[in-house]
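Q: A single structure is presented below for examination.
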Amino acid sequence: MRLVLPTIREGDVTVRPLSVRDARSLEAELRINRRWLRPWEATNPDGVVGYDTRGGIRLLQAQARSGVGAPFAILVDGEFAGQLSVSQISYGSLSSCAIGYWIAERFAGRGATPIAVSLVADWLFMTVGLHRIEICIRPENQASLRVVEKLGFRYEGLRRRYIHIDGGWRDHFTFALTQEDVFPLGVRRRWQEGQANPAAAAIPHADRVAAGIA
Numbered sequence: 186m187r188l189v190l191p192t193i194r195e196g197d198v199t200v201r202p203l204s205v206r207d208a209r210s211l212e213a214e215l216r217i218n219r220r221w222l223r224p225w226e227a228t229n230p231d232g233v234v235g236y237d238t239r240g241g242i243r244l245l246q247a248q249a250r251s252g253v254g255a256p257f258a259i260l261v262d263g264e265f266a267g268q269l270s271v272s273q274i275s276y277g278s279l280s281s282c283a284i285g286y287w288i289a290e291r292f293a294g295r296g297a298t299p300i301a302v303s304l305v306a307d308w309l310f311m312t313v314g315l316h317r318i319e320i321c322i323r324p325e326n327q328a329s330l331r332v333v334e335k336l337g338f339r340y341e342g343l344r345r346r347y348i349h350i351d352g353g354w355r356d357h358f359t360f361a362l363t364q365e366d367v368f369p370l371g372v373r374r375r376w377q378e379g380q381a382n383p384a385a386a387a388i389p390h391a392d393r394v395a396a397g398i399a
């Protein structure tokens with residue numbers, strides 16, 4: 186199933202398909218925001234390897250053509266501000282995916298990330314027809330935890346040593362939404378009309394202790 190990625194706008198935030206033409210902007214933002222992003226970046230457990238930005242974007246585009254992924258650029262006031270990637274797309278009886286994202290430090294706190302996540306989530310539910318969307322977040326990443334809280338994602342559990350991040354295997358908290366959770370408003374309207382329940386993302390004390398942040 187080939188995915189045709191949309192361009193979606195909400196106020197000063199635009200989410201559009203990631204392009205090879207974004208490679209220079211992407212490299213610049215990753216360099217400028219190195220200290221800001223490093224604690225949350227996936228790393229290779231076998232050691233540092235070279236990365237071809239244009240080749241990486243082409244790989245993500247190929248995944249969209251195969252229907253298993255969807256790479257987006259996040260723009261704020263027309264300026265490249267971050268990236269949102271949909272991965273692990275499956276259909277049929279599972280019908281689910283995972284979302285990951287990052288935003289440049291100078292755009293943090295302006296609401297761009299929850300807007301971008303909600304716009305793409307609604308596309309995945311309403312157009313692609315997926316049933317479940319998952320987001321996994323490091324326990325220390327307070328900014329990302331606020332995003333799922335705002336959007337009313339439901340906390341589903343602690344995954345121990347789940348992803349290799351910043352040089353080591355790191356625990357992650359898992360959050361999810363299903364179509365039933367957001368029907369009939371959708372993710373964006375449910376949030377913006379005050380219908381999303383922040384308490385759904387509450388993390389049990391036992392899991393906070395296990396993750397070392399209690």
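Numbering (this note's numbering), first residue to last: 186 to 399.
Each residue gets a CB set at the ideal place from its N, CA and C atoms; glycine is no exception.
From a predicted model like this one, the values you see are computed outputs, not experimental measurements.
(1) Gln268: which of Leu222, Leu336 and Asp307 sits nearest, CA to CA?
(2) For the alpha helix (DSSP H) containing Gln273, name the first residue and the last one.
(3) Is Leu315 closer than 7 Å to Val372 when the C-beta atoms are compared?
(4) Candidates His390, Glu226 and Ser280: which alpha carbon is nearest Asp351's?
(5) Mind pulling the alpha helix (DSSP H) runs of 4 or more residues that sit fully within the stretch 366-395?
(6) For the structure I just gave you, are there three or more beta carbon pairs, one from the stretch 318-337 and one from the stretch 188-202, closer than 8 Å?
(7) Mapping the DSSP letters down to three states, classify Phe338 as helix, strand or coil.
(8) Hey, Ala249 and Leu343 are a contact pair by Cβ (cut 8 Å); roughly how many whole angstroms apart?
(9) Rounding to the nearest angstrom, what Cα-Cα distance links Leu279 and Phe368 in this structure?
(10) Spatial neighbours of Thr199 within its chain, please: CB distance less than 6 Å, with the 5 preceding and 5 following residues excluded, ordered by chain position.
(11) Classify Ala258: buried if its beta carbon has 16 or more other beta carbons within 10 angstroms, exposed otherwise.
(12) Given a cut-off of 7 Å, decide if Ile284 and Val253 are closer than it, judged by their beta-carbon atoms.
(13) Could you tell me the boundaries of the beta strand (DSSP E) in which Ile322 lies?
(14) Between Leu362, Asn229, Glu378 and Met186, which lies nearest to Ser281 when the distance is taken from Cα to Cα?
(15) To the nearest angstrom, how far is it from the Cα of Asp231 to the Cα of Glu264?
(16) Let's see if you can read the secondary structure: which residues bound the beta strand (DSSP E) around Val302?
(17) Report all residues from its chain with a CB closer than 7 Å to the CB of Glu378; omit the five preceding and five following residues, and keep chain order.
(18) With respect to the beta strand (DSSP E) encompassing Leu400, which residues constitute its N-terminal and C-terminal limits?
(19) Put Thr199 into one of helix, strand or coil per three-state DSSP.
(20) Under the assumption that Ala266 contacts Ile288 (Cβ atoms under 8 Å), give the Cβ distance between them as a whole number of angstroms.
(21) Helix, strand or coil for Ser204, going by three-state DSSP, please let me know.
(22) Quick check on His390: buried or exposed, where buried means 16 or more other Cβ atoms within 10 Å of its Cβ?
A: The relevant details are as follows:
(1) Leu222
(2) Unbroken run through Gln273: none, as it is neither H nor E.
(3) no
(4) Glu226
(5) 372-377 and 390-395
(6) no
(7) coil
(8) Not really, about 31 Å apart at Cβ, beyond 8 Å.
(9) 19 Å
(10) Leu260
(11) buried
(12) no
(13) Arg317 to Ile322
(14) Leu362
(15) 35 Å
(16) Segment Ala297 to Trp308 is the alpha helix (DSSP H) holding Val302; no beta strand (DSSP E) there.
(17) Leu370
(18) Only positions 186 to 399 of the chain appear in this structure, which leaves residue 400 out of reach.
(19) strand
(20) 6 Å
(21) coil
(22) exposed
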